[in-house]
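S.K.:
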Amino acid sequence: MEHAPLTILVVDDDEAVRLYLSAILRKNGYVVLEAQDGAAAITIMRERGKEIAAVVSDIRMPNIDGLKLAELNYQNGFLPFIACTMISDAATALKFLKFGVCDYVVKPAEETVLLGTVRNAIARRHLPRLFVDDETPLPGNMGIITISARFAAIHRARGWLELKASGIMPPAEQRRFITFASEFLMNAYEHGSLKLSEVEKSGLLENGGYHDELRRRELECKAKIEVAVSIVGDEIALSVTDAGYGFDYQRYLKMSEPEMLDRLIMPNGRGIQMAMQYFDSITFSRGGAGVILTKKIPKG
607 MEHAPLTILV VDDDEAVRLY LSAILRKNGY VVLEAQDGAA AITIMRERGK
657 EIAAVVSDIR MPNIDGLKLA ELNYQNGFLP FIACTMISDA ATALKFLKFG
707 VCDYVVKPAE ETVLLGTVRN AIARRHLPRL FVDDETPLPG NMGIITISAR
757 FAAIHRARGW LELKASGIMP PAEQRRFITF ASEFLMNAYE HGSLKLSEVE
807 KSGLLENGGY HDELRRRELE CKAKIEVAVS IVGDEIALSV TDAGYGFDYQ
857 RYLKMSEPEM LDRLIMPNGR GIQMAMQYFD SITFSRGGAG VILTKKIPKG
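Numbering (our numbering), first residue to last: 607 to 906.
This is the structure we're talking about:
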């Protein structure tokens, strides 16, 4: 069965750049909507937001700039957002993390980099939902599941979390919670269970061998991942524990702005920093192999 082409919104006040990015995307099968600045983009997102799979936006624009556009997107539709710019200001670039933006393309954008970044941003957000029937019930609004270190099982855990969060959060907040929680599910799967290093992952994402390598390592892995959730009052707590050796999480929590700026053009390595901007507290245990995340539930 053929799938309908995905729609990408390209936002840039430089017409030549906008046409160039749009041409690349159209050539590779995407439908493209164009906006000359953030204000025009907001109008398009309000009118056609359900059609849009991702936003590719410049940062510095008149009227409403890329940062404000990312903030409005975060508060409303929370579409996958790719910042496309000449990154020279670390402080400005880091502000995007607060609005769930971890995908960057540096101008002038190379075709393979642009396409790979767009595909990865969309894929992370559109994991299939699967019903989980092996939950261990606990008192109150709590539950725990133990999953194998399999990509499909991570999807199951995400679907289970969606069911748990359903009805207790406004829809946009639920999408944010699941997106940021998924960073830790994937960390437990890739790094804790399959022992995939950050450098190895970057190389695999760049050369297209990422999914094949995951499948190869899955065949040799017997590890389990425990996912637990507790909803008490106006707070939700999530625990993710893997059987790995942990990692140097302090390095990531205390990363300097220059180090973080270097990571903005890498294909991965920003999930923890991004999640830190969202969760109210993050507590690591077992050397980083376990983490507890808490978030106050906003009133709808």
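Think of the CB as a built atom: it goes at the ideal place given N, C-alpha and C, for glycine as much as any other residue.
None of these values were measured; they are calculated from a predicted model.
At a cut of 8 Å, does the stretch 883 to 902 reach the stretch 848 to 858 through at least three beta carbon pairs?
M.R.: With the cut-off at 8 Å, the stretch 883 to 902 and the stretch 848 to 858 touch.
S.K.: State yes or no: is the C-beta of Ala-771 within less than 7 Å of the C-beta of Phe-783?
M.R.: Against a cut-off of 7 Å, the Cβ pair of Phe-783 and Ala-771 comes out as a contact.
S.K.: Between which two residues does the alpha helix (DSSP H) containing Lys-770 stretch?
M.R.: It spans 757 to 771 - the alpha helix (DSSP H) in which Lys-770 sits, taken as one unbroken run.
S.K.: What runs of the beta strand (DSSP E), each 3 residues or longer, lie entirely inside the stretch 634 to 672?
M.R.: Counting only runs of 3 or more, we get 637 to 641 and 658 to 663.
S.K.: Where Leu-675 and Glu-621 are concerned, what is the direct C-alpha to C-alpha distance, given to the nearest angstrom?
M.R.: C-alpha separation (whole angstroms): 18 Å.
S.K.: Would you identify the three-state DSSP class for Leu-733, choosing helix, strand or coil?
M.R.: The predicted position of Leu-733 is uncertain, since its pLDDT is 48 and thus under 50; a value taken from the coordinates is nonetheless stated next. Of the three classes helix, strand and coil, the one that applies to Leu-733 here is coil, per DSSP.
S.K.: Return the bridge partner residues of Cys-827 from the DSSP annotation.
M.R.: Answer is none; Cys-827 lacks a bridge partner.
S.K.: Tell me whether Leu-764 is buried or exposed, calling it buried when 16 or more other Cβ atoms sit within 10 Å of its Cβ.
M.R.: Checking the displayed sequence, the identity of residue 764 turns out to be Arg instead of Leu. Buried, since its Cβ has 16 or more Cβ neighbours within 10 Å.
S.K.: Kindly identify the DSSP beta-bridge partner or partners of Ser-891.
M.R.: Answer by DSSP bridge pairing, in chain order: Gly-896.
S.K.: Around the Cβ of Pro-745, are there at least 16 other Cβ atoms within 10 angstroms (buried) or fewer (exposed)?
M.R.: At Pro-745, the pLDDT of 43 sits below 50, so the modelled position is not reliable and the matter cannot be decided from this model.
S.K.: Nearest to Gly-644 by alpha carbon, out of Val-637, Met-880 and Ile-670?
M.R.: For the residues Val-637, Met-880 and Ile-670, the minimum Cα distance to Gly-644 belongs to Ile-670.
S.K.: For Ser-803, does the count of other Cβ atoms within 10 angstroms reach 16, so buried, or fall short, so exposed?
M.R.: Ser-803 is exposed by the Cβ-count criterion.
S.K.: What number of angstroms, rounded off, separates the C-alpha of Gly-706 from the C-alpha of Met-667?
M.R.: Near 20 Å, if we compare the C-alpha coordinates of Met-667 and Gly-706.
S.K.: Among the candidates Ser-628, Leu-791 and Ser-663, whose CA atom is the shortest distance from the CA of Ala-755?
M.R.: When each option's Cα is compared against that of Ala-755, the closest is Leu-791.
S.K.: List the residues that DSSP assigns as beta-bridge partners of Phe-687.
M.R.: Its beta-bridge partners are Val-661.
S.K.: Under DSSP, the alpha helix (DSSP H) around Glu-796 begins and ends at which residues?
M.R.: That residue, Glu-796, is in no alpha helix (DSSP H); it is neither H nor E in DSSP.
S.K.: Between the C-alpha atoms of Asp-848 and Asp-619, what's the straight-line distance to the nearest angstrom?
M.R.: Taking the straight line from one Cα to the other gives about 46 Å.
S.K.: Mind checking who Ile-614 pairs with in its DSSP beta bridge?
M.R.: In the DSSP output, where bridge partners are listed per residue, Ile-614 has Val-638 and Ala-660.
S.K.: For Val-738, which residues in the same chain have their Cβ closer than 8 Å to its Cβ, ignoring the five residues on either side in sequence?
M.R.: Because Val-738 sits at a pLDDT of 42, beneath the cut-off of 50, its placement in the model cannot be relied upon, and the following sentence gives the value as read from the coordinates. Excluding residues within five positions, the ones whose Cβ falls inside 8 Å are Ile-751, Arg-762, Ala-763, Gly-765, Trp-766 and Leu-769.
S.K.: Let me confirm a value: Gly-814 is counted as buried when at least 16 other C-beta atoms fall within 10 Å, else exposed. Which label applies?
M.R.: Exposed is the call here.
S.K.: In this structure, does DSSP put Leu-802 in helix, strand or coil?
M.R.: Leu-802: coil per DSSP, three-state reduction.
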